[in-house]
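Numbering (our numbering), first residue to last: 30 to 464. By construction, the Cβ of each residue, glycine as well, lies at the ideal position given by its N, Cα and C atoms. The block underneath contains the structure these notes are about, expressed in structure tokens.
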Amino acid sequence: MKFLKIKKGHNLKIDGKPLNEIIDVENSDYIFYHPARLKSFKTKLLVKINDSVKVGTPLFFDKNNNKVMFTSSVSGTVTDIQFGNRRVVKSLIIENDNKFSQINLKSKVSKDTLLQSGLWSLIRQKPFSMIPSSDSNPKSFFISTVPTEPFAVNNEFIFENIENCIQKGIDVLKEVFDCDINMAISNKSSFEGLKNINFFGINKLHPAGNVGVQIHHLDPIVNSGDTRWYLSLQDLNRIGYFFTHKKFFNYKFYSVGGNAVKNPCYYKTIVGTPINQMISISNDNTRVISGDVLSGNETSLNLSIDYYDEVLSVIKMSKKREFLGWLKPGFNKYSLTRTFLSKLVSNNKSKLNTHLNGSVRTIIPMGNWEAVLPMNIYPDYLVKSILAKDIEMMEKLGIYESSPEDFALCSFICQSKVEVSSIIEDGLDLVRSEI
């Protein structure tokens with residue numbers, strides 16, 4: 030078995046790490062879908078207000094990829110559809126009748142079944158981190174069982190408490206797409222007994238758990254049409270469950286952590302459950318993030334966790350400013366460089382907050398980005414080519430192998446306070462618009 034040892038990166042020391050405990054959340058009366066948050070997705074609705082739906086009923090699809098359906102995770106009635114600017118569908122809300130009546134759907138192993146059931150929507154592709162076209166096929170699949178972002182799910186723990194249909198999911202992907210399936214595992218993993226799969230080991234230094242980093246080292250992307258597909262282990266299990274039992278498994282385990290959470294642990298709930306059904310927060314001075322603190326998106330309690338996220342981060346907002354803090358020795362400052370003495374004395378009591386500790390300034394190449402980016406890419410040159418909108422140079426510098434989450438630590442460590450991840454995303458949007 031190959032072993033991918035990542036030497037560049039950093040594991041954030043942040044308060045509120047989730048415990049290996051599970052809270053079974055009561056079924057919500059309302060289920061939310063947020064199509065506007067899907068990457069490169071133009072929504073076409075298939076339902077209207079007051080329509081009755083069952084589990085598996087198609088709700089909407091992508092105008093540019095019209096065979097890919099998003100289906101309901103509950104049975105009930107469509108109660109509201111919220112629109113934003115230019116009639117963009119922001120939210121679709123279903124009142125749950127708790128009967129979980131399911132549509133009749135064939136469970137024959139085929140591409141059509143994946144599309145009609147909505148299970149195709151669980152799959153994404155690199156580059157662009159978007160749902161692949163229904164007419165395309167991947168060169169290979171990548172599945173990471175060892176996510177390394179802050180508050181990442183512990184898949185070993187989750188699958189001790191859930192029916193394991195991973196092998197069936199692998200067999201389905203193998204039969205439908207007939208390509209290599211690669212899985213990242215840690216030492217002494219309980220998943221080593223799986224068949225029809227190529228294993229490789231990784232160390233737990235973030236961002237080693239990101240599939241973008243794994244693809245870069247093991248099966249590099251050379252152009253926009255050279256795609257690798259990926260999905261999470263829980264979503265692979267949902268595919269396996271459907272083809273095993275001929276019914277949908279629409280629950281997920283979410284890792285909920287942060288210093289503003291009373292019970293940081295795992296929450297089992299229906300996909301689309303609003304966050305305020307899972308947790309309650311008495312202090313308004315908090316930031317709720319769908320995803321991890323490095324690459325997640327700020328959200329609110331009355332919305333659901335984003336479709337592909339399995340982490341919910343809730344952290345306290347800090348408004349207190351420190352006068353001339355850069356002049357102090359900084360024994361309790363969190364630093365990845367030698368700016369403060371905390372780096373020299375290895376102070377593990379350093380605490381993070383939401384302060385930027387400065388404003389955006391000129392990009393100065395000091396090698397900090399390269400220190401936490403385990404890829405054969407020159408991030409400063411790539412960022413400058415994106416800002417200059419030089420597509421030819423972007424392609425030469427590796428834009429197709431880049432993903433915003435892989436550059437999240439660059440944003441964190443940046444002395445110039447540059448949002449590197451956002452720039453990478455803008456670059457990907459630009460090259461995709463030109464294809």
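For residue i, count neighbouring Cβ atoms within 10 angstroms of its own Cβ and tell me buried if that reaches 16, exposed if not.
| i | result |
| --- | --- |
| PRO394 | exposed |
| LYS155 | buried |
| VAL322 | buried |
| GLY301 | buried |
| LYS378 | Because the pLDDT of LYS378 is 48, which lies under 50, any placement of that residue in the model is unreliable, and the question is left without a value. |
| ASP274 | For clarity, residue 274 is His in the given sequence; the question names Asp instead. So HIS274 ends up on the exposed side. |
| VAL251 | exposed |
| ILE61 | Reading the sequence as shown, one finds Phe at residue 61 and not Ile. Burial call: buried. |
| PHE112 | exposed |
| ASP53 | exposed |
| ALA22 | Here the chain covers residues 30 to 464 and nothing more, so residue 22 does not appear. |
| ARG267 | buried |
| LYS362 | buried |
| ILE464 | exposed |
| SER165 | exposed |
Here's a check: name, in chain order, each residue in its chain whose Cβ is nearer than 8 angstroms to the Cβ of residue i, leaving out the five neighbours to either side.
| i | result |
| --- | --- |
| PHE229 | MET30, LYS31, PHE32, LEU33, ASN211, MET212, ALA213, ILE214, GLN243 and LEU247 |
| GLN131 | LYS83, VAL84, GLY85, SER104, LYS276 and PHE277 |
| ASN227 | ASP209, ILE210, ASN211 and MET212 |
With a threshold of 6 angstroms on Cβ separation, who are the neighbours of residue i within its own chain once the five nearest residues in sequence on each side are excluded?
| i | result |
| --- | --- |
| PHE99 | LEU88, PHE89, GLY147 and SER150 |
| TYR270 | CYS194 and PHE278 |
| LYS96 | LEU144 and SER163 |
| ASN40 | HIS235 |
To which residues of the same chain is residue i closer than 7 angstroms at the C-beta, ignoring the five residues directly before and after it?
| i | result |
| --- | --- |
| ARG316 | GLU327, ILE344, MET346 and THR383 |
| TYR429 | PRO156, ILE250, ASN252 and SER253 |
Could you give the C-beta distance for residue i and residue j, rounded to a whole number, given that I count them as a contact under 8 angstroms?
| i | j | result |
| --- | --- | --- |
| ILE110 | TYR59 | Not a contact, Cβ separation roughly 13 angstroms. |
| ARG257 | PRO167 | 6 angstroms |
| ILE304 | LEU330 | 5 angstroms |
| ILE152 | LEU262 | 13 angstroms between Cβ atoms; not a contact. |
| SER445 | VAL389 | 7 angstroms |
| LYS77 | ASP91 | The pair is not a contact, with the Cβ atoms about 19 angstroms apart (cut-off 8 angstroms). |
| LYS68 | SER158 | 6 angstroms |
| ASN49 | PHE186 | 5 angstroms |
Would the C-beta of residue i count as close to the ligand ZN, meaning under 7 angstroms from any of its heavy atoms?
| i | result |
| --- | --- |
| TYR337 | As for the ligand ZN, it is missing from this structure, which has no ligand bound. |
Quiz prompt | 4 or more residues per run - each alpha helix (DSSP H) lying fully within the stretch 239-302 | solution = Listed in chain order, the alpha helix (DSSP H) runs fully inside the stretch 239-302 are 240-247 and 262-274, counting runs of at least 4 residues.
Self-check item: Any 3 or more C-beta pairs closer than 8 angstroms across the stretch 321-336 and the stretch 179-192
Solution: Cβ pair count under 8 angstroms is three or more, so yes.
Quiz item: For the stretch 39-87, which segments carrying the beta strand (DSSP E) assignment without a break, of at least 3 residues, lie completely within its bounds, in sequence order?
Solution: Listed in chain order, they are 51-53, 59-62 and 72-74.
Quiz item: With contact counted as at least three CB pairs below 8 angstroms, one residue from each stretch, are the stretch 401-412 and the stretch 446-463 in contact?
Solution: The stretch 401-412 is in contact with the stretch 446-463.
Practice problem: Identify every run of the beta strand (DSSP E) within the stretch 89-130, keeping only runs that are complete inside it and at least 3 residues long; order them along the chain. | Solution: Taken in chain order, the complete beta strand (DSSP E) segments of 3 or more residues contained in the stretch 89-130 are 94-100, 105-112 and 118-125.
Practice problem: Take every Cβ of the stretch 34-47, pair it with every Cβ of the stretch 287-299, and state whether three or more of those distances are shorter than 8 angstroms. | Solution: Two segments are said to touch when three or more pairs of C-beta atoms, one from each, lie closer than 8 angstroms; by this definition the stretch 34-47 touches the stretch 287-299.
Quiz item: In the stretch 161-186, which residue ranges form an unbroken alpha helix (DSSP H) of at least 4 residues, counting only runs that do not cross its ends?
Solution: If we require 4 residues or more, the stretch 161-186 turns out to have no alpha helix (DSSP H) run fully inside it.
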